[in-house]
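Below is one structure, written out as structure tokens; the observations come after it.
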Amino acid sequence: MLKRLEAQWSRHALSAKPAVVYPVAVCICLLAGWLLAVVASYLQDRADLQQRAASISQQLERQLSLANVALSRIDSVMPGNNCDLSSRLLAAVVQSTPHARYALRQAPDGRVCTSDLSRMDMPPAAPAGTSLSLRAELAGGSAVVLQRQGNGSSMLELGAVSLATILQTESAVVAATVRVGSQYLTADGEVRKWDEAMVQGLNRRVGSHDGLLEVVVQQPWVEVLWHSLLRRLDTLLLAGLAGVALGWALLRRQLARNSSSWEIAQGIRNREFFTHYQPIVTADQGECIGVEVLARWRHPVQGAIRSDLFIPAAEDAGLIVPLTRYLIRRVSKEFKQVALPPGFLVSINIAAEHLGMPDLVEDCKMLLAVLREKKAVLVLEVSERFPLPEHQVTHRVVQDLRQMGVKLALDDFGIGHADRNYLRRWGFDYLKVEKGYVSALGKDSFKANILDGLLQTSRQLGVQVIVKGVETQGQQNYLSVKGFQFLQGFYFGKPMTLNHFRQWLYSGITQDRVPSVAAMAAGRSEAADR
Ligand code: C2E
Ligand code: CA
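According to UniProt numbering, the sequence shown is numbered sequentially starting from 1.
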């Protein structure tokens, strides 16, 4: 199953072309930003409309309650045979009521008086109680008519044009109307027939005056969106910029990542990777007891690429396992032709995730078969940088490898957080001390002290220490005198091709590196002085 997944992954990586997905991501980011801005604006518009409708409704309410008070005063007028007095009373009511222009009172006995003696419009048929109607056909222009049927009939006519000023909003795209029954009053004071289909877009309705009228404030959809866009232009621009920046960053990352992962996958397929070997020697005699296998990449165009660049890239791209597999196969083939001293260590760097894959056991079998023939030992180095996953599978893989005689080394020791428990739990055979500890000798006494203390700890834990990064004779002398057993570094040999290594191994070059007795004695006394 894992194998199949990995194969699929590798195929995907091989076919991965520089991303087309990120321009899409930019668009999505932009769209998301725009949508957010529009939604925010829509919510704002809705709240605004609600507020506007409520405010118009309140103003109407106030005017109508004044009209209602006036209607009560009209109720109290009792027309007699002569209308003079009643007419004056009614005219006074009209004058003192905002927007009122005409009043009529019909006594229960049928006698009628009006505020304007030149007019005698009879009130329209109305239901009992107080009612409101809109009338367009009147001589003085359209009107809002308040009526009360009961003890006779009272009527107050309000000029629609004057009352409709309440409905006028500063906005050209917000329409406010008052619906009364099957008619409505526009902001221009016109009376028209109401049709529910006219209400489009964002709208708010507020009932008023005991449900006699309804204030409808509306804004068409296109206007709502356009308005939202204009109002949120700043947010939209910011969202757009953020979207472009994010998309661009992702695109660049993906381009770099895709191109490097694609290149690495191609490199594995085209066998552009090869191995160098760096000797591991005894501290006192400089005798080579093993090698560390180090990956190298000769890119067809870019030439040699540094391993501290392509290894992390391969790890990021999930290609470190296929790369290690390829290297293991390559080392197996190369070592077939080499004679090695018994017990010789062949140390291979393994990513922590690889140790959690049962396939690693199979991967190692071919190399183990070659090494066993030469009585050599396979060592797997895992870095302290990435703690081993505490899974059952990983423990089982480690157990299986141990049973096959594979040794385990903790690489870059001293930079991570491996404590005694971690070392015991995984049963490391070797600790490879990070280069920085050697280069700090003579400069950083804190690190030097840690290095000194390490020997004692390693003895207690039963692990052997390999000190990396030895570059000078002084360092070798110091470490040898201190009692470190195994060393690795440019002083003994740089990473080299197998052919070079063979020559190096049998040329006795390390003999030159054997610390002189005098130097050792000097070193010992120096160590004793500390
Ligand atoms: P590392 O495991 O610490 O490997 C030793 C690195 O130190 C090598 O660098 C080697 O050239 C360098 N080195 C050895 N002696 C000295 C010295 O005296 N002074 C200094 N300054 N450097 C010294 P390289 O080959 O560039 O490898 C860098 C890292 O890449 C390795 O560090 C290892 O972590 C990783 N790496 C290399 N090959 C593989 C591989 O096949 N698989 C995995 N997973 N990682 C690898
Ligand atoms: Ca290593």
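Just so you know, even glycine gets a beta-carbon here, dropped at the ideal spot from N, CA and C.
Quick caveat, the model's predicted, so the values are computed rather than measured.
Would you check whether ligand 2 has a heavy atom nearer than 6 Å to the C-beta of Asp234?
As a position in the sequence shown, residue 234 is number 234, starting the count at 1. Result no, Cβ not under 6 Å from ligand 2.
Taking only the alpha-carbon atoms, compute the straight-line gap between Asp308 and Trp297 and give it to the nearest angstrom.
As a first step, residue 308 must be located in the sequence shown, where it is residue number 308. As a first step, residue 297 must be located in the sequence shown, where it is residue number 297. Roughly 11 Å separates the two Cα atoms.
To which residues does DSSP link Glu190 through a beta bridge?
Here residue 190 refers to the residue found at position 190 when the sequence shown is read from its first residue. Beta-bridge pairing links Glu190 to no other residue.
Under 8 Å: do the stretch 409-416 and the stretch 430-444 share three or more Cβ pairs, one atom per stretch?
As far as the Cβ criterion goes, the stretch 409-416 touches the stretch 430-444, which means the pair count is three or higher.
Tell me where the beta strand (DSSP E) around Asp412 begins and ends.
By one-based count along the sequence shown, residue 412 stands at place 412. Unbroken beta strand (DSSP E) run through Asp412: Lys407 to Phe413.
Which residues, in chain order, sit with a beta-carbon under 5 Å away from any heavy atom of ligand 2?
Cβ-based neighbours of ligand 2 within the cut-off: Asn349, Glu381 and Asp411.
So what does DSSP say about Lys374, is it helix, strand or coil?
Along the sequence shown, read from residue 1 onward, the residue named residue 374 stands at position 374. Reduced to three states, the DSSP call for Lys374 is coil.
If we count the other Cβ atoms within 10 Å of its Cβ and call it buried at 16 or more, is Asn477 buried or exposed?
What you label residue 477 is simply residue 477 of the sequence shown in a count that begins at 1. Asn477 is buried by the Cβ-count criterion.
Would you identify the three-state DSSP class for Ser347, choosing helix, strand or coil?
As a first step, residue 347 is located in the sequence shown; it is residue number 347 there, counting from the start. Residue state, collapsed to three classes: strand.
Please identify the residue among Leu89, Ile166, Met120 and Val406 whose C-alpha is closest to the C-alpha of Leu64.
Position 64 of the sequence shown holds residue 64. Of Leu89, Ile166, Met120 and Val406, the residue nearest in Cα terms is Ile166.
Rounded C-beta distance between Val145 and Glu157? I'm assuming under 8 Å.
On the sequence shown, position 145 is the one that residue 145 refers to. On the sequence shown, position 157 is the one that residue 157 refers to. Contact flag correct, Cβ pair sits at about 5 Å.
I need the DSSP call for Gly474, collapsed to helix, strand or coil.
Position 474 of the sequence shown, counted from the first residue, corresponds to residue 474. Looking at Gly474 - three-state DSSP - the assignment turns out to be helix.
When we look at the beta-carbon of Arg385 and count the other beta-carbons within 10 Å, is it buried (16 or more) or exposed?
Position 385 of the sequence shown, counted from the first residue, corresponds to residue 385. Under this definition Arg385 is an exposed residue.
Whole angstroms is fine: what's the gap from Glu214's alpha carbon to Gln200's?
Here residue 214 is taken as the residue at index 214 of the sequence shown, counted from 1. Here residue 200 is taken as the residue at index 200 of the sequence shown, counted from 1. Looking at the two C-alpha atoms, the distance is approximately 16 Å.
The beta strand (DSSP E) spanning Ala333 covers which residue range?
The residue labelled residue 333 in the question sits at position 333 within the sequence shown. Contrary to the premise, residue 333 reads as Lys rather than Ala in this sequence. First-last for Lys333: Ile320 to Phe335, but that is the alpha helix (DSSP H), not the beta strand (DSSP E).
So, for Ala70: in the same chain, excluding its five sequence neighbours on each side, which residues have a beta-carbon less than 7 Å away from its beta-carbon?
To locate residue 70, count along the sequence shown from 1; it is residue 70. Excluding positions up to five away in sequence, the list reads Val93, Thr97, Ala100 and Leu156.
Suppose contacts are defined by Cβ-Cβ distances below 7 Å. Is Ile348 in contact with Leu323 by that definition?
Working through the sequence shown from its first residue, we reach residue 348 at position 348. Working through the sequence shown from its first residue, we reach residue 323 at position 323. Contact: no.
How would you label Glu170, buried or exposed, when you count the other beta carbons within 10 angstroms and need 16 or more for buried?
Along the sequence shown, read from residue 1 onward, the residue named residue 170 stands at position 170. Glu170 should be labelled exposed.
What does the alpha-carbon distance come out to for the pair His299 and Lys407?
If you number the sequence shown from 1, residue 299 lands on position 299. If you number the sequence shown from 1, residue 407 lands on position 407. Rounded to whole angstroms, His299 to Lys407 spans 32 Å at the Cα level.
List the endpoints of the continuous alpha helix (DSSP H) containing Tyr491.
Residue 491 sits at position 491 when you count from the first residue of the sequence shown. First-last for Tyr491: undefined, no H or E at that position.
Name the residue from Tyr42, Gln106, Asp188 and Val397 whose alpha carbon lies nearest to the alpha carbon of Trp221.
For the purposes of this step, residue 221 is taken as residue 221 along the sequence shown, with counting starting at 1. Checked all of Tyr42, Gln106, Asp188 and Val397; the closest Cα to Trp221 is Tyr42.
Based on the DSSP secondary-structure assignment, which residues constitute the bridge partners of Arg298?
As a working note, residue 298 is residue 298 in the sequence shown. For Arg298, which the question treats as bridged, DSSP gives the partners Ala304.
DSSP three-state label for Gly453, please.
Numbered from its first residue, the sequence shown carries residue 453 at position 453. Gly453 falls in the helix class under three-state DSSP.
Could you spell out where the alpha helix (DSSP H) holding Leu340 opens and where it closes?
The count along the sequence shown starts at 1 and reaches residue 340 at position 340. Per DSSP, Leu340 belongs to no alpha helix (DSSP H) and is neither H nor E.
Could you confirm whether any beta carbon from chain B is found closer than 7 Å to the beta carbon of Pro495?
Going by chain labels, chain B is absent from the structure shown, which holds only one protein chain.
From which residue to which residue does the beta strand (DSSP E) around Arg148 run?
Numbered from its first residue, the sequence shown carries residue 148 at position 148. That run of the beta strand (DSSP E) goes Ala143 to Gly150.
Helix, strand or coil, according to DSSP, for Arg111 in the structure here?
Taking the sequence shown and counting its residues from 1, one reaches residue 111 at position 111. Residue state, collapsed to three classes: coil.
Please classify Lys432: does DSSP put it in a helix, a strand, or coil?
The count along the sequence shown starts at 1 and reaches residue 432 at position 432. If DSSP states are grouped into helix, strand and coil, Lys432 belongs with the strands.
State the beta-bridge partners of Cys288 as determined by DSSP.
As a working note, residue 288 is residue 288 in the sequence shown. In DSSP, Cys288 forms a bridge with Val281.
Does the stretch 469-487 touch the stretch 273-286, meaning 3 or more C-beta pairs lie closer than 8 Å?
Touching, yes.
What does DSSP give as the partner residue(s) for Phe274 in the beta ladder?
As a working mapping, residue 274 is identified with position 274 in the sequence shown. Looking at the DSSP assignment, Phe274 forms a beta bridge with Arg296.
Give, in chain order, every unbroken run of the alpha helix (DSSP H) that is at least 4 residues long and sits entirely within the stretch 218-262.
221-231, all fully within the stretch 218-262.
May I ask whether a heavy atom of ligand 1 can be found less than 6 Å away from the beta carbon of Ala409?
Translated into positions along the sequence shown, residue 409 becomes position 409. Because no heavy atom of ligand 1 lies under 6 Å away, the Cβ of Ala409 does not count as near it: no.
In or out: Arg424 buried (at least 16 other Cβ within 10 Å) or exposed?
Sequence index remark: in the sequence shown, residue 424 carries index 424 (1-based). Per the 10 Å Cβ criterion, exposed.
Please report the straight-line C-alpha distance between Asp109 and Pro127, rounded to a whole angstrom.
Along the sequence shown, read from residue 1 onward, the residue named residue 109 stands at position 109. Along the sequence shown, read from residue 1 onward, the residue named residue 127 stands at position 127. Answer to the nearest angstrom: the Cα atoms are 18 Å apart.
To which residues of the same chain is Ser131 closer than 6 Å at the C-beta, ignoring the five residues directly before and after it?
Walking along the sequence shown from the start, residue 131 turns up at place 131. Only Gln147 meet the Cβ criterion.
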